[in-house]
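This note's numbering puts the first residue of the sequence shown at 647, with every later residue one more than the last.
Report on the following structure.
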Amino acid sequence: NSVLQEPDVFFIEYAYKHLLEGLKTTLLQYGIAFDTWFSERTLHPDAIQKALQQLAIHNHTFEKDGAVWFASTTFGDDKDRVLKKADGDYTYAAADAAYLLNKANRGFNHLIFVLGQDHHSYPKRLDGIRQALELSDIKLDCILYQLVSLKEDGQQMRMSKRAGRIVGLQDIIEEVGTDVARFFYLNRKADAHLEFDINLALKKTDENPVYYLQYAFVRTNAILERTKEFPELTDINEQDAQYIDLSEQILIKKIAFLKNLLDDISKNYQVHLLTYYLLEFAHLFHHYYHHNRVIEPTSVEQSRGRLFLIMLVHDTFDRSLKLLGISRPQSM
């Protein structure tokens with residue numbers, strides 16, 4: 647009874663803290679740890695009022711129909727946007743204006759906003775606010791992500807808030823594991839629709855791309871571990887590169903390409919290119935393994951050259967899987 651007598655703010659705060667802790671727990675399990683959690687409500691009302699005042703000083707706002715508007719068309723938007731409604735409530739754009747100033751005051755010079763595809767018009771508006779606030783020294787990029795649908799037993803799972811049929815990220819992690827959940831999301835271009843196939847995600851065969859990659863990594867471990875049986879094949883190093891022949895060239899080229907690929911991803915944020923690369927690389931490696939005997943005690947120089955290649959392949963898988971946040975098992 648005492649709980650039922652609490653004011654609304656009690657339940658609001660309880661829900662806020664409970665849901666936030668749930669989000670933090672899920673993201674940590676998923677492999678994402680934010681250094682700072684920022685609450686939008688800390689911007690209300692003072693920071694937002696200051697942001698709107700700064701926009702007004704430079705004549706980028708006007709009043710109409712009892713509301714305060716941002717002259718967004720000045721910066722290439724298709725129409726002007728409301729910052730403060732006639733009833734006194736602030737819009738998301740007003741809060742984001744305050745947030746941009748907050749980030750600038752904290753010394754950030756490159757901002758990356760991750761938005762849903764249904765906010766496709768928002769980047770133009772956001773960049774207009776950035777220009778209007780005279781934050782020209784701050785780079786602003788927006789990444790638009792498509793929605794995700796789930797498929798099970800060949801049928802698309804229909805979700806409904808009203809009917810209580812909701813599948814959250816925590817449910818996906820518990821069903822298929824963190825590695826598979828991460829890879830399936832990463833293996834799609836941000837603005838491409840993802841159909842998450844539960845049945846495929848649960849498979850422990852080469853059909854499952856995560857299994858396919860991890861098996862390739864484990865195979866390199868097994869090969870390198872076996873060298874301990876042969877004293878003449880220990881201490882493999884860069885000097886053994888002289889024994890690499892034509893059959894290894896395609897893998898060497900693929901390994902060398904990784905640096906350029908990572909440079910590109912750091913600029914275009916297209917992380918799916920790394921998953922595509924790894925799947926191609928795993929295919930090349932499996933093909934090479936099936937057509938070339940790596941350890942051949944009767945041909946020491948050839949074996950040392952091929953083992954040096956396997957070390958490079960191992961390091962490439964290790965580095966790439968680590969970047970993707972996918973575990974690197976020692977055995978399977």
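Glycine included, each C-beta is placed from N, C-alpha and C at the ideal position.
Just the C-alpha distance for Q816 and R865, rounded to the nearest angstrom, thanks.
Locating residue 816 in the sequence shown gives position 170, counting from the first residue. Locating residue 865 in the sequence shown gives position 219, counting from the first residue. Pairing Q816 with R865, the inter-Cα distance amounts to about 31 Å.
Would you kindly work out how many angstroms separate the C-alpha atoms of R950 and I896, rounded to a whole number?
Position 304 of the sequence shown, counted from the first residue, corresponds to residue 950. Position 250 of the sequence shown, counted from the first residue, corresponds to residue 896. Their Cα atoms are separated by approximately 18 Å.
Please determine, among L786, G774, Q792 and A739, the residue with the shortest C-alpha to C-alpha distance to Q762.
The residue given as residue 762 occupies position 116 in the sequence shown. It is Gly, not Gln, that sits at residue 762 in the sequence shown. Here the closest residue by C-alpha is Q792.
Flag this pair as yes or no: are the beta carbons of A741 and E686 separated by less than 7 Å?
The residue given as residue 741 occupies position 95 in the sequence shown. The residue given as residue 686 occupies position 40 in the sequence shown. Yes, Cβ-Cβ distance for A741 and E686 is below 7 Å.
Measure the CB-CB distance between H918 and R834 and report whether it falls below 7 Å.
Numbered from 1 along the sequence shown, position 272 holds the residue referred to as residue 918. Numbered from 1 along the sequence shown, position 188 holds the residue referred to as residue 834. Yes, the pair counts as a contact, with Cβ atoms nearer than the cut-off.
Would I882 and F830 be called neighbours here (beta carbons separated by less than 7 Å)?
As a working note, residue 882 is residue 236 in the sequence shown. As a working note, residue 830 is residue 184 in the sequence shown. Going by C-beta atoms, I882 is not nearer than 7 Å to F830.
Could you check which residue in L729, V959, R752 and K730 has the C-alpha nearest to that of A868?
In the sequence shown, the residue the question calls residue 868 occupies position 222. Closest by C-alpha distance to A868, out of L729, V959, R752 and K730, is V959.
Which same chain residues end up closer than 6 Å to E667 when comparing Cβ atoms and leaving out the 5 residues on each side of it in sequence?
Taking the sequence shown and counting its residues from 1, one reaches residue 667 at position 21. Within the same chain, no Cβ atom closer than 6 Å to the Cβ of E667 is found once the five residues on either side in sequence are excluded.
Smallest Cα separation from Y923: which of H936, K731, Y768 and L908?
In the sequence shown, counting from the first residue as 1, residue 923 sits at position 277. The shortest C-alpha separation from Y923 is found at L908.
What is the DSSP secondary structure of G668, reduced to helix, strand or coil?
By 1-based counting over the sequence shown, the position of residue 668 is 22. Note: G668 maps to helix in three-state DSSP.
With 16 as the cutoff for other CB atoms within 10 Å, does V649 come out buried or exposed?
Taking the sequence shown and counting its residues from 1, the one referred to as residue 649 is at position 3. Per the 10 Å Cβ criterion, exposed.
I need the boundaries of the beta strand (DSSP E) containing L761, first residue and last residue.
Taking the first residue of the sequence shown as 1, we reach residue 761 at position 115. L761 -> beta strand (DSSP E) spans H756 to G762.
In chain order, what residues of the same chain lie with their CB nearer than 8 Å to the CB of F754, ignoring the 5 residues before and after it?
Locating residue 754 in the sequence shown gives position 108, counting from the first residue. So the list reads I784, once near-sequence residues are dropped.
Could you please give me the residues that DSSP links to E709 through a beta bridge?
The residue given as residue 709 occupies position 63 in the sequence shown. DSSP lists V714 as partners of E709.
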